[in-house]
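Comments concern the structure below.
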Amino acid sequence: MGEAPEALRHQVLHWLSENVPESRLQHILRVEQMAIALAQKHDQDIVKAALAGLMHDLAKYFKPAVLLEMAQQEGLMLDPVDESTPHLLHAHVGAIVAREQFGVQDPEILAAIADHTLGRPGMSPLSCIVFLADSLEPGRGNIAELNVLRHACRQNLQQAVWMVCDYSLKQLMESRRLIHPRVILTRNWFLHQQGTARGHKGSARTTGKTVIGQVQKRLSPSHLSPSHLSPPHLAPPHLQPDVPIPESKLTLLSPEGSPTSMPSLDRANPLSWGESDRLGRA
Ligand SMILES: [Fe+2]
Ligand SMILES: [Fe+2]
Numbered sequence: 143m144g145e146a147p148e149a150l151r152h153q154v155l156h157w158l159s160e161n162v163p164e165s166r167l168q169h170i171l172r173v174e175q176m177a178i179a180l181a182q183k184h185d186q187d188i189v190k191a192a193l194a195g196l197m198h199d200l201a202k203y204f205k206p207a208v209l210l211e212m213a214q215q216e217g218l219m220l221d222p223v224d225e226s227t228p229h230l231l232h233a234h235v236g237a238i239v240a241r242e243q244f245g246v247q248d249p250e251i252l253a254a255i256a257d258h259t260l261g262r263p264g265m266s267p268l269s270c271i272v273f274l275a276d277s278l279e280p281g282r283g284n285i286a287e288l289n290v291l292r293h294a295c296r297q298n299l300q301q302a303v304w305m306v307c308d309y310s311l312k313q314l315m316e317s318r319r320l321i322h323p324r325v326i327l328t329r330n331w332f333l334h335q336q337g338t339a340r341g342h343k344g345s346a347r348t349t350g351k352t353v354i355g356q357v358q359k360r361l362s363p364s365h366l367s368p369s370h371l372s373p374p375h376l377a378p379p380h381l382q383p384d385v386p387i388p389e390s391k392l393t394l395l396s397p398e399g400s401p402t403s404m405p406s407l408d409r410a411n412p413l414s415w416g417e418s419d420r421l422g423r424a
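Be aware that the sequence shown starts at 143, since it is given in the working numbering, and climbs by one per residue.
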């Protein structure tokens with residue numbers, strides 16, 4: 143099966159049509175498709191990937207106060223960055239909505255939704271796929287840095303996760319935004335897991351160059367100049383201000399707890415609109 147079970151998919155799409163703007167719906171559909179493609183490539187469950195992709199941004203437009211309230215009711219441990227930037231909680235709260243509104247019980251799907259913004263040390267391949275699909279779907283832009291990351295995610299999920307984290311961290315620092323510590327923990331775990339952290343086995347530089355070498359072989363010189371081929375963790379690339387960064391991503395879902403009511407859109411709060419959710423990413 144190439145997508146979520148039809149009845150549930152139709153139900154989710156109907157709900158989304160009433161709770162997110164068309165541009166967000168199109169992003170969600172692109173994430174769904176990229177999650178399916180990555181699941182096929184990496185021999186993961188396609189139905190789960192499709193469902194998680196389809197439902198990853200359910201809470202994207204919830205009001206900050208509602209996000210905080212639902213997270214607290216769920217018993218989530220909140221970082222000070224969560225409290226100052228509640229929008230980051232939309233990933234976790236999205237998983238709560240998936241469970242409460244649509245009856246999703248699969249812990250792997252719920253975790254993939256919850257961790258789509260900040261990742262998580264040791265997260266499953268399915269979670270990696272949704273994290274990467276959200277960050278790298280075609281609508282994120284067609285710049286060389288993102289294309290390198292897109293190539294990496296087809297080759298190696300773990301490597302692509304830390305490379306995307308590096309990319310996001312760089313964007314966050316350059317825009318002087320807060321950094322959620324989970325992004326760093328995620329980045330370190332996946333870098334260390336690969337044995338590519340400097341001071342451990344091998345070298346992150348070597349790994350990055352390997353990826354770039356693979357890209358060079360596949361792309362014509364007219365597409366990429368040497369400067370474009372610097373991996374994001376080696377040389378800060380020229381960053382276009384209108385290029386959305388992958389969402390800085392979030393915590394564990396506790397199996398208990400539920401929201402008291404489904405929140406409404408926060409059309410008055412500009413922070414809840416567009417790509418500003420990304421705290422450096424979207
Ligand atoms: Fe999101
Ligand atoms: Fe998203």
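For every residue, glycine included, the Cβ atom is placed at its ideal position computed from N, Cα and C.
Please read all numbers here as calculations on a predicted model, not as lab measurements.
First and last residue of the uninterrupted alpha helix (DSSP H) at residue i
i    : result
N161 : 148-161
H232 : 232-244
Q182 : 164-183
S317 : No alpha helix (DSSP H) holds S317; DSSP gives it neither H nor E.
E426 : Outside the displayed range of the chain (143 to 424) lies residue 426, so it cannot be described from this structure.
P249 : 249-256
M197 : 188-197
H102 : In the structure as shown, the chain begins at 143 and stops at 424. Residue 102 is therefore absent and cannot be evaluated.
A213 : 206-216
Per DSSP, cross-strand counterpart(s) of residue i
i    : result
F332 : Answer is none; F332 lacks a bridge partner.
F273 : Answer is none; F273 lacks a bridge partner.
Proximity winner among the options, relative to residue i (alpha-carbon distances)
i    : options                : result
A254 : I326, M197, K183       : M197
N298 : H184, G281, F273       : H184
R172 : A294, P280, K202       : P280
R166 : D199, R151, L288       : D199
E160 : E174, G195, A201       : A201
R292 : T328, K312, C270, A213 : C270
P228 : A339, K205, S266       : K205
C307 : A177, N289, S277, M219 : S277
L193 : P163, P249, L210       : P249
N330 : E287, M265, V162, I285 : M265
G195 : L218, I285, Q168       : Q168
Q175 : V272, L288, Q335       : V272
A191 : V208, N284, R151       : R151
Y203 : L218, L180, L230       : L230
L252 : R241, R262, T259       : R241
R296 : G217, Q186, P147, H258 : Q186
L274 : A286, I285, A294       : A294
V208 : L218, H232, M219       : H232
L282 : W157, K312, I170       : A quick correction: the sequence has Arg, not Leu, at residue 282. Residue I170 is the option with its Cα nearest to R282.
L314 : I178, H334, L260       : L260
E287 : S310, A213, T328       : S310
T328 : L180, R262, I285       : R262
As assigned by DSSP and simplified to three states, the class of residue i
i    : result
H229 : helix
M219 : coil
R262 : coil
A302 : helix
Y309 : helix
L200 : coil
G281 : helix
R324 : helix
R340 : coil
D384 : Caution applies to D384, whose pLDDT of 32 falls short of 50 and renders its modelled position unreliable; the value that the coordinates give is listed next. Coil.
Chain C within 8 Å of residue i, Cβ atoms only
i    : result
M315 : Among the chains of the structure shown, chain C does not appear; only one protein chain is present.
Given 8 Å, three or more beta-carbon pairs between the segment 287-303 and the segment 236-248 | With the cut-off at 8 Å, the segment 287-303 and the segment 236-248 do not touch.
The segment 212-224 contacting the segment 317-328, beta-carbon criterion three pairs below 8 Å = Yes, since at least three Cβ pairs between the segment 212-224 and the segment 317-328 fall closer than 8 Å, the two stretches touch.
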